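Undergrad: Would you mind keeping the following structure in view while I ask a few things?
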Amino acid sequence: MVFALAILLSMSSCNLFGTGTLTIRNYSTRDIDFVTWTSDDGTVYDFGDDLVYDDVAGWVYGIAVLGMDSRQVSFGSNYIYFYFTDSIQYYRTAAVVDVGLFTDGEFTFYDTTFIYTATIQGGSTTTQVYSIVPVPGSKPTK
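Taking this note's numbering, the leading residue of the sequence shown gets 15, the next gets one more, and so forth.
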């Protein structure tokens with residue numbers, strides 16, 4: 015009986031049930047908002063429990079400087095999409111973030127994180143990559 019309980023506990027920690035945790039941290043010098051990640055089953059997850067001021071939308075939920083948010087998500091591999099609060103430009107991470115059987119996802123924004131600019135066409139999540147740019151306002155690295 016104890017052995018069966020140990021197996022069940024170890025199975026639940028291995029994410030065998032199709033979900034894992036995705037944690038997004040913002041260690042950059044700018045607030046971000048409308049932060050999303052989409053799982054392989056098409057579920058879109060919103061991140062951000064901090065109230066941040068967006069120049070266009072006003073007070074919205076996002077991830078403030080030095081903030082973080084974690085969500086229970088379905089398995090998947092995708093980019094994180096977001097806006098800076100002082101910009102109308104839409105961005106996505108250059109790196110794919112994975113949440114899988116043995117891996118919980120984690121991503122940290124820094125001022126030196128590489129990102130792509132993206133557009134939303136017709137209200138869908140279809141994006142087109144234009145160029146890779148460093149986080150605006152960051153200093154070049156050597």
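Ideal Cβ placement from N, Cα and C applies to all residues, glycine included.
For clarity, every value in this text was computed on a predicted model and none was experimentally measured.
Using C-beta distances below 7 Å, list every residue in its chain close to Ile-38, excluding the 5 sequence neighbours before and after it, in chain order.
TA: Val-49, Phe-61, Ile-77, Met-82, Asp-83, Ile-94, Phe-121
Undergrad: Is Leu-36 closer than 8 Å to Val-110 when the C-beta atoms are compared?
TA: Against a cut-off of 8 Å, the Cβ pair of Leu-36 and Val-110 comes out as no contact.
Undergrad: For the beta strand (DSSP E) containing Arg-85, list its first residue and its last residue.
TA: 82-88
Undergrad: Could you tell me the alpha carbon to alpha carbon distance between Ala-71 and Phe-98, rounded to whole angstroms?
TA: 12 Å
Undergrad: For Trp-73, count neighbouring Cβ atoms within 10 angstroms of its own Cβ and tell me buried if that reaches 16, exposed if not.
TA: Its Cβ having fewer than 16 others within 10 Å, Trp-73 is exposed.
Undergrad: Closest by CA to Gly-32, which one among Thr-43, Thr-57, Ser-42?
TA: Thr-57
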